[in-house]
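Here's the structure, in structure tokens; my notes come after.
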Amino acid sequence: MTSTDTSSPAPSAAPSQRKLSTAKAMVEAVAAEMARDPNVFVMGEDIGAYGGIFSSTTGLLDTFGPERVMDTPISETAFIGAAVGAAVEGLRPVVELMFVDFFGVCMDQIYNHMAKIHFESGGNVTVPMVLTTAVGGGYSDGAQHSQCLWGTFAHLPGMKVVVPSNPHDAKGLMTAAIRDDNPVVYMFHKGLLGLPWMARNPRAVGPVPEEDYEVPIGRADIVRPGRDVSVVTLSLSVHHALDVADELSGHGVECEVVDLRALVPLDTDTILESVGRTGRLLVVDEDYLSFGLSGEVIARVVERDPGLLHAPARRVAVPDVPIPYARSLEYAVLPTRSRIRDAVLELVDA
Amino acid sequence: MEPREQRDLYRMMVLIRTFEEAILREYHADKKPAFDIGAGMIPGEMHLSAGQEPVAAGVCAHLTTEDAVTATHRPHHFAIAHGIDLPRMAAEIFGRVDGLGKGRGGHMHLFDPATHFSCSGIIAEGYPPALGQALAFRRRGTDRIAVAVTGEGAANQGAFHESLNLAALWRLPVVFVVEDNDWGISVPRSASTCVPSNAERAAAYGIPGVRIEDNDVEAVHEAAGAAVARARAGEGPTLIEVHTLRLWGHFEGDAQGYRSDVDAVLGRDPLPAYETTLREAGVLDDDAVEKARHDADDRVESAIAFARQSAEPAPESALDHVFA
Amino acid sequence: MTDVPFPEVSQRDPDAEGVLATWFVADGERVAEGDLLAEVAVDKVAMEILSPAAGVIHLLATEGDVVRQGVAVARLS
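Protein chains in written order, with this note's numbering: chain E, 1 to 350; chain P, 351 to 674; chain A, 675 to 751.
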């Protein structure tokens, strides 16, 4: 179920499901797991008293104390590596890489250690940790603080990669990630956290069940069915795609929006089933265009059967350029609604 | 030191050397006539620890298998001294299904959960996970510790410095061991490191730093004993740097043309030197020496035999064990 | 009727203001005491407004409004 419907019931109706922002939904999942399992702990820069610079850990220090909510020095290699070692010994760390753009200083511990130890040990050692990280642009943070990079992480074997687009999935995927015995990279887009200090999409606040639940890792969600075009996307772009779909519905074009929710594992079956019905594929990806997710999705369709496509596949992604600072330039490269709309209409006319 | 402890150190060093000599033999046996790194029953790189036995023997004498050890691309001496399963270690080096990693890891990626032993082929990157293991041990209210091993070249990598700071800051039960064997492959320490000893760098992190000269196994044993006791008592990390000896090349196949000290190397071999020391002290005689070699040969050759008879992994299983 | 005030953000300055950043409930919804109603922002610091009572909520402010502390942003009936 999506979080698109924020309309209220009639005044005397029963209470509607309570709503949270994506950030608060993430925190709720972490807190519930920390309460349930004493092995779960949180580590990262400014995740203690500050609550995470993107409010990913608000309130956890007060509830669980500094032994389980640990502020670290600016030493990503040391503390992410420490999370690996702690996980090897049976603790379940949730460790935050503040911006995904910083992976360069610590990638060895991530892709050569966290992701490979289970394999190198022939399955004898598990690394049950979650690496959370903030991704995405649109608020003028420039080339080194606006990237998505999920294609880079997904490309390297041994780590699951999840990307929630809404508060409901944010909580369910966090719970699933913490309970998974594998390393999971949990990538949350800053623009859909519902932060008061950043312009946000209305769907950044949505209904979230109060009880514990998991969203299965590797299962995409058809958030909006439609007969004309399969728009396969993730993260903030899901909301832009839904906005375009709503608009074009009034003009007789029905878009099907597929929220991937994870890159590893990638839900190829749902992609193929959707494209099999619509015959037209548009991938919308805020990561860089070349050598990444959008090419991978198209490749998986074409490998199965190019005949599924009644028109050449299209993709709307960030071109192969560092993300510019100036707003006019940044919004020229992001996968905006107007780029998505133009691509859908071209696909439908093709 | 008690004679029994001294004999134990000597026997451990003999065991390690015997194993390394056996691997040397097996590794080169089928790479003739011209050395082909990818050929033979043990393909790939091979980094043997002959000459560095005193470090492993002296440190691991103070550990139990409940303590963690993270080692380097040259891990065999620490693996053996820490009590890893020798036949399964040999099988892993041979890339067989009965190996510690079912053939997936090989000689630089030995993992033994039973002894909390791991190693990594990335320079200095074994330090950070050791911090996490120490954190877990303390979280559980034990006095277990983590020993993290690198070479002297690794002391110039970022992970080294981040780890010392963080372990000191959090007073983690870690012992940092630096094996200074004079060479970072072909680059001598004088050309890589701004200070004469990495033990001095410990002061930058507010922790004790000790440098052991002459590859002296008993001096290592003494310093390690103090460091391990500190860690177990909750007093935080210590850095121990041992000036040791890389008896052979950086890797097998290394012609060592760059090595200016190659003529003096055999004369610095710690094993015959310690044997002489113990004979002169009346701790070892011919029978004891012969027994040490015989016992080592037995264990090593049966480990090698186990490895050779173990099956190679099936190609169809190549995608297994990516995820739990 | 119970007022839901904009929280106190400054003791020194009685006219201190902040922004009503996010409503987590819609006009006309029934809420319980303690439910999360809204998030307000004073500079980059965020504070939550929890419901002081149960009832049906009527919103008096819109997201993005600048509000003085103590001023009612909603009413519960």
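Ideal Cβ positions, reconstructed from N, Cα and C, are used throughout, including at glycine.
Contact under 8 Å by Cβ, residue i with residue j
i: E:Leu20; j: E:Glu33; result: no
i: E:Thr22; j: E:Phe153; result: no
i: A:Leu734; j: A:Val714; result: no
i: E:Val321; j: E:Val302; result: no
i: A:Phe680; j: A:Gln743; result: yes
i: E:Val127; j: E:Val84; result: yes
i: A:Leu710; j: E:Arg18; result: yes
i: E:Phe99; j: E:Ala134; result: yes
i: E:Ser338; j: E:Arg315; result: no
i: E:Val205; j: E:Val185; result: no
i: P:Phe601; j: P:Met396; result: yes
i: E:Val229; j: E:Leu347; result: yes
i: E:Pro196; j: A:Ala706; result: no
i: P:Ala372; j: P:Asp380; result: no
i: E:Leu289; j: E:Pro265; result: no
i: P:Gln402; j: P:Arg618; result: no
i: E:Gly123; j: P:Ala464; result: no
i: A:Glu691; j: A:Val740; result: yes
Sequence-distant residues of its chain with Cβ nearer than 7 Å to residue i (five each side left out)
i: P:Ala646; result: Val364, Leu365 and Thr368
i: E:Ser12; result: Confidence at E:Ser12 is low in this model, with a pLDDT of 43, below 50, so the placement of that residue is unreliable and no value is reported for it.
i: E:Asp181; result: Thr126 and Pro128
i: E:Ser140; result: Tyr325, Arg327 and Glu330
i: P:His423; result: His397, Met458 and Gly471
i: P:Ala678; result: Since the first residue shown for chain P is 351 and the last is 674, residue 678 of chain P is missing from the structure and cannot be characterised.
First and last residue of the uninterrupted beta strand (DSSP E) at residue i
i: P:Lys381; result: No beta strand (DSSP E) holds P:Lys381; DSSP gives it neither H nor E.
i: P:Glu591; result: Thr588 to His593
i: E:Pro38; result: First-last for E:Pro38: undefined, no H or E at that position.
i: P:Gly501; result: Ala496 to Gly501
i: E:Met187; result: Val184 to His189
i: P:Cys544; result: Where P:Cys544 is concerned, there is no enclosing beta strand (DSSP E), given that its DSSP letter is neither H nor E.
i: E:Tyr288; result: Leu281 to Tyr288
i: E:Cys255; result: Cys255 to Asp259
i: A:His732; result: Gly729 to Leu733
i: A:Trp697; result: Glu691 to Trp697
i: P:Val524; result: Val524 to Asp530
i: P:Gly559; result: Gly559 to Ile562
i: A:Glu722; result: Val719 to Leu724
First and last residue of the uninterrupted alpha helix (DSSP H) at residue i
i: P:Ile430; result: His426 to Ala431
i: P:Tyr517; result: One point to set straight first is that residue 517 of chain P is Ala, not Tyr, in the sequence displayed. P:Ala517 -> alpha helix (DSSP H) spans Gly508 to Leu519.
i: E:Val130; result: Premise fails: E:Val130 lies in the beta strand (DSSP E), Val130 to Val135, not in any alpha helix (DSSP H).
i: P:Met439; result: Leu436 to Ile443
Nearest-angstrom Cβ-Cβ length linking residue i and residue j, presumed shorter than 8 Å
i: E:Val244; j: E:Cys255; result: 7 Å
i: E:Val163; j: E:Leu263; result: 7 Å
i: E:Gly226; j: E:Asp267; result: Rounded, the Cβ-Cβ distance is 18 Å, inconsistent with contact.
i: E:Gly44; j: P:Val672; result: 26 Å between Cβ atoms; not a contact.
i: P:Ala418; j: P:Gln507; result: Their Cβ separation, rounded to whole angstroms, is 20 Å, which puts P:Ala418 and P:Gln507 out of contact at 8 Å.
i: P:Ser610; j: P:Arg446; result: Rounded, the Cβ-Cβ distance is 39 Å, inconsistent with contact.
i: E:Glu120; j: P:Phe461; result: 6 Å
i: E:Leu260; j: E:Val232; result: 7 Å
i: E:Val208; j: E:Ala25; result: 5 Å
i: P:Glu370; j: P:Ile392; result: Actually they do not touch by this definition, with Cβ atoms about 13 Å apart.
i: P:Met682; j: P:His571; result: Residue coverage of chain P in this structure runs from 351 to 674, which leaves residue 682 of chain P outside it and unanswerable.
Cβ neighbours of residue i in the same chain (closer than 6 Å, five flanking residues each side left out)
i: E:Gly51; result: Thr57 and Thr58
i: E:Glu76; result: Val105 and Cys106
i: P:Thr414; result: none
i: A:Val745; result: Phe680
i: E:Ser7; result: A caution first: E:Ser7 carries a pLDDT of 38, below 50, which makes its placement in the model too unreliable to give a value.
i: E:Ile47; result: Thr57 and Glu96
i: P:Ser468; result: Thr420 and Phe461
i: P:Arg580; result: Thr588
8 Å Cβ shell around residue i - same chain, five flanking residues per side excluded
i: A:Asp701; result: Ile731, His732 and Leu733
i: E:Leu236; result: Gly136, Gly138, Ser165, His189, Gly191, Leu192, Asn201 and Glu286
i: P:Tyr608; result: Ser536
i: E:Pro312; result: Ala350
Per the contact definition of three or more C-beta pairs closer than 8 Å, is the stretch 173 to 191 of chain E in contact with the stretch 269 to 282 of chain E? no
Does the pairing of the stretch 92 to 99 of chain E with the stretch 518 to 533 of chain P give three or more beta-carbon distances under 8 Å? no
Can at least three beta-carbon pairs, one atom from the stretch 545 to 562 of chain P and one from the stretch 587 to 594 of chain P, be found at a separation below 8 Å? yes
Contact between the stretch 106 to 120 of chain E and the stretch 61 to 80 of chain E (3+ Cβ pairs under 8 Å): yes
Using 8 Å as the Cβ pair cut-off and three pairs as the minimum, do the stretch 472 to 491 of chain P and the stretch 512 to 525 of chain P touch? yes
For the stretch 443 to 461 of chain P and the stretch 408 to 416 of chain P, state whether three or more C-beta atom pairs, one from each stretch, are separated by less than 8 Å. no
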